[in-house]
Structure formats: C-alpha cells, structure tokens
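In what follows, a single structure is set out as structure tokens and then discussed.
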C-alpha cells in the first residue's frame, strides 16, 4: 500500500506537470495545432498497442506470482522473453510507419501536413514499448519508485521541449511547431526508458538471482503463458485504440457532413480532445495507481485462495473511485467555464466540460473494474465488454456528432461510460459475489455533492474568472465535500485507520 501511495503522489506530481505541459502546448500551438497533435497521437496509440499491448500487465501478474513463491529465476527469465518480443514488434512497426507515413497521412486524414509528425513518432514508440515491460516487472515486485521517477522526469523534459523546440519552430508555422512537440515527446520517453534501465541495472547489482525452485521453466512454456494473458489484454488495448482512432476520424468527418468546415472540425477536435478531456482525465492520477496495484494484488490474493481479501480490496477501491467521481463532477460542473480559461486560455471548451462532468461518476470506477477483471484472470471478459462499448461508442458518434456537432461527442462519452459501468460491474459479480453498497456508493456521496454544491453556490463567488479567486473557491468547495463525506461516514473508521496503517508500512 505504501508503494501504491508513493506512485499516487508521484503520479499526481507527474500529472500536474503534464497539465502544465498541456497548458503551455495549447497556448503555443492553439486549437488547430492541438487538432493535428491529436491526429498524430492516434497513430502513436495504434503503433504502441501493436508493439507491446498487454505485456506490461502480463509481466506484472506473473512477476508477482513467481515472487510470491520465491521463484526469482523464472521471473527474470520471463522479463527477458518479453523484452525480446517487444524489441522485434516495435522495430517492425517503426519501420512500417516511417516508410508508409505519406500514405497514412493521405488516406486516413487527407492531410499531408502529418507526414513529418508521423515519422517523428518512432523515437517515442520504441522507448515506450520497452519501458512498459520494465514498468510491469517493477510493478509485479510492488516497487513503484522506478515508474514514479521516470514519469516525473518525462514530464519535466516535455515542458522544457516547449521552450527549446516548439516555440522556436512556431515562426515556421503550426505544422513545424507540432512536429517539434512530437520530437520533444520522443526525447522525454527515451529519457524515461534510460531511468528504468538504470534502476534495473542497480537492482541486479544489489541482489543476485536466487530461487527456492530448482526447476527452470522452458522458454517456450514461459512465452506461451505470457501470451495467454498478454494477448486478451492486448486485444483489449487494440480495441481501445481502434475505438480512439476511429473516433478521431469520425468526429471531424461527421462535423463536415453536418456542414462545418474542415478547419473548424479540426479546431473543435482540439477543444474536445486537447482541452476538455485532459481536465476530465486528470483525476486518473488517483485511480491509475490503484488499478496498477489491484492487478497483482487481486492475483496474489486469488493465488492463495483468500476470497475475503479479494472482496475487501474490490469494495474499497470501488467506493474510493465512485466518491472521486462525485467530487470531480461537482468541481467540473461549478467551474466548467473558469477551468479551461484559467488553464488553456480558451473559454470555448467550457460548455463541453460542463456536459462531460457527468461522465466522471462512471469513468473512474470503470477503469478499476477493468483492472479487477484482469486480476481475477478473466481478461477475455474485459475484452468482450470492451468490444460492446466500442461498437456503442462509434455508432453513437456517427449519429450524435452529425446531429449536434462536437457536443455530440460529449453526449456519446457519457452514454458509453454508463453502459461500461453497468456491464463491467455485472460481469465482476458473476465471478465473485460482491455486495452493491447503494448507501455508501451512491446515496451518501450524492448527498455530499448536493451539500457542497449548495454551500459553494450560496457563499462563494463561483462566477468569478479571477485566478486567485477560482483557486480559493475550488479549495473551499473541496473542503465542503470532504467534510460532508466524513460526516456521512461513507468510509468507516476501520477503513480509514487501516488505510493509514497500510500507507505507513
């Protein structure tokens, strides 16, 4: 738990630095540049998924299981197999992207401005693909320090790249500046990889490989077991990437069908994906470490047959993320206009943020549910559910964006996350019976939200666009909500005390 808390703090710092980067980038290249950046990011996600999807989670799961039995030799051997595999796949994909960049830019987006950004992705793809394997290995050891350190350093390098690369290139046009941002991302990811490799080398020097097992599992058997877990998770990541990629393709095209210009469609995509969505996903700094820890944690508890511990971990993680969802809905709803203006310098994303705020109630728990299904050894069920969500998302986008414009994408996001919450929770309950605590999951947090909302809108000047006033208002609104949660005893005293004890360990 201490390692989870460490990663959460580090992730909070990294995400805060990431928000600074996103702020500087949006103010430097504007909505048009952000639109081009998001289009490039689509290829990046697809390539990364094909190169290494599922390997991080698979390595994490097997490392935790091997180490629980004292089998460090096979844990290290499995890592070497995963590294070899990812080197082959990532190299092949990078060569393909470099040679096919002109055709990809033309056929996917009908925009030759994307050729250079596509080619510059190669450094980031190679670095992240390898990094994910090392991260999975360290997470399986419950050692979050390497991942935390690399995350923070990556964000610092990204911020520096704005001043060193992006701003000087801006005088040559938005395409050159966007290309500079992609190059800066690659340098940052490579730096993160160097950090992880350094931690790995140091760990090898400090401890020799030993094992209480005399039998070494053959490489083909290790590869087979690795792929049995990695492939379903990888297919899930592939489906998510296809969903993201097609969404990025559908949104501007559907808007053009509705009569909007190409430039306005790209700009709207920049507002939606580059400004509104980062605000919504910023709180995953809290859910992501929990998800990472749940996978090996649930796997370990299942391996020793401790179902009570499995249920306890699932219940507490679910409750925490649901309460977080209520809190973020409260903040984004009240300060939907001020936040995008204060951070990105644009008011146009305000209404979009206000609509997307409702999805927070379902988004954060759903991320945890996926990790739970993987930890329970049922990644195929997570994949099945993901396919359902993807189909629902793409169909909804086609219908709603062509009818309502970019705000239709926000409506779609809410609908799909509600569907995902219901289906994933139902699936988990078919595997292990967990009680749906309506009072502590919904009623008490809901009352806390309404109480904090009433206090904030009554006693605070929530319509002010002054930065100091907005920051103070958000802090006070947060205090109102936290006090309401504590007074409502949403979390029992034993849950709070046990959590504090675990963090101190």
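Numbering (the working numbering), first residue to last: -11 to 493. Quick reminder that beta carbons are idealized off the backbone N, C-alpha and C, glycines included.
For residue i, the first and last residue of its enclosing alpha helix (DSSP H)
{"i": "residue 390", "result": "367 to 392"}
{"i": "residue 441", "result": "432 to 447"}
{"i": "residue 80", "result": "60 to 92"}
{"i": "residue 453", "result": "Segment: none, residue 453 is in no alpha helix (DSSP H) and carries neither H nor E."}
{"i": "residue 252", "result": "250 to 259"}
{"i": "residue 347", "result": "Per DSSP, residue 347 belongs to no alpha helix (DSSP H) and is neither H nor E."}
{"i": "residue 267", "result": "265 to 269"}
{"i": "residue 107", "result": "103 to 108"}
{"i": "residue 396", "result": "395 to 419"}
{"i": "residue 327", "result": "326 to 332"}
{"i": "residue 299", "result": "295 to 322"}
{"i": "residue 478", "result": "Taken as a continuous stretch (DSSP letters only), residue 478 belongs to no alpha helix (DSSP H), as it is neither H nor E."}
{"i": "residue 136", "result": "133 to 149"}
{"i": "residue 155", "result": "155 to 158"}
Backbone CA spacing between residue i and residue j [nearest angstrom]
{"i": "residue 158", "j": "residue 170", "result": "14 Å"}
{"i": "residue 401", "j": "residue 127", "result": "30 Å"}
{"i": "residue 146", "j": "residue 30", "result": "19 Å"}
{"i": "residue 357", "j": "residue 191", "result": "32 Å"}
{"i": "residue 327", "j": "residue 320", "result": "8 Å"}
{"i": "residue 344", "j": "residue 479", "result": "27 Å"}
{"i": "residue 410", "j": "residue 351", "result": "11 Å"}
{"i": "residue 294", "j": "residue 367", "result": "20 Å"}
{"i": "residue 115", "j": "residue 156", "result": "25 Å"}
{"i": "residue 218", "j": "residue 119", "result": "16 Å"}
{"i": "residue 28", "j": "residue 342", "result": "27 Å"}
{"i": "residue 377", "j": "residue 134", "result": "33 Å"}
{"i": "residue 234", "j": "residue 97", "result": "11 Å"}
{"i": "residue 52", "j": "residue 131", "result": "11 Å"}
{"i": "residue 104", "j": "residue 85", "result": "11 Å"}
{"i": "residue 310", "j": "residue 430", "result": "8 Å"}
Nearest-angstrom Cβ-Cβ length linking residue i and residue j, presumed shorter than 8 Å
{"i": "residue 50", "j": "residue 66", "result": "6 Å"}
{"i": "residue 11", "j": "residue 308", "result": "Residue 11 to residue 308, Cβ: 28 Å. No contact."}
{"i": "residue 322", "j": "residue 465", "result": "6 Å"}
{"i": "residue 109", "j": "residue 32", "result": "5 Å"}
{"i": "residue 172", "j": "residue 153", "result": "5 Å"}
{"i": "residue -3", "j": "residue 166", "result": "Incorrect: roughly 32 Å between the Cβ atoms, too far for contact."}
{"i": "residue 7", "j": "residue 266", "result": "7 Å"}
{"i": "residue 313", "j": "residue 268", "result": "Residue 313 to residue 268, Cβ: 11 Å. No contact."}
{"i": "residue 249", "j": "residue 183", "result": "Actually they do not touch by this definition, with Cβ atoms about 44 Å apart."}
Sequence-distant residues of the same chain with beta carbon closer than 6 Å to residue i, five excluded per side
{"i": "residue 174", "result": "111, 112"}
{"i": "residue 472", "result": "436, 439, 440"}
{"i": "residue 229", "result": "33, 34, 37"}
{"i": "residue 224", "result": "370, 371, 374"}
{"i": "residue 211", "result": "69"}
Other residues of its chain near residue i: CB distance less than 7 Å, five sequence neighbours each side excluded
{"i": "residue 415", "result": "361, 369, 373"}
{"i": "residue 304", "result": "483"}
{"i": "residue 232", "result": "30, 33"}
{"i": "residue 390", "result": "242, 245, 246"}
{"i": "residue 462", "result": "319, 323"}
{"i": "residue 336", "result": "259"}
{"i": "residue 74", "result": "39, 40, 43, 117, 118, 121"}
{"i": "residue 80", "result": "none"}
Any non-hydrogen atom of the ligand NAP within 7 Å of residue i CB
{"i": "residue 121", "result": "Judged by which ligands are present, the structure shown has none, so any question about the ligand NAP falls away."}
Sequence-distant residues of the same chain with beta carbon closer than 8 Å to residue i, five excluded per side
{"i": "residue 477", "result": "432"}
{"i": "residue 448", "result": "461, 464, 465"}
{"i": "residue 221", "result": "41, 42, 45, 46, 362, 367, 370, 371"}
{"i": "residue 547", "result": "Outside the modelled stretch of the chain, which goes from -11 to 493, sits residue 547, for which no answer is possible."}
Are three or more beta carbon pairs between the segment 366 to 374 and the segment 384 to 403 nearer than 8 Å?
no
Does the segment 452 to 464 come close enough to the segment 415 to 429 that 3 or more CB-CB pairs lie under 8 Å?
no
Three or more C-beta pairs closer than 8 Å, one from the segment 174 to 184 and one from the segment 129 to 142: is that the case here?
yes
Contact between the segment 248 to 265 and the segment 13 to 23 is defined here as three or more beta-carbon pairs at a separation below 8 Å; is this criterion met?
yes
Cβ contact check for the segment 0 to 14 and the segment 30 to 42: 3 or more pairs under 8 Å
no
Count Cβ pairs between the segment 89 to 107 and the segment 390 to 408 that sit closer than 8 Å; are there 3 or more?
no
Inspect the CB distances between the segment 66 to 84 and the segment 236 to 243 and report whether three or more fall short of 8 Å.
no
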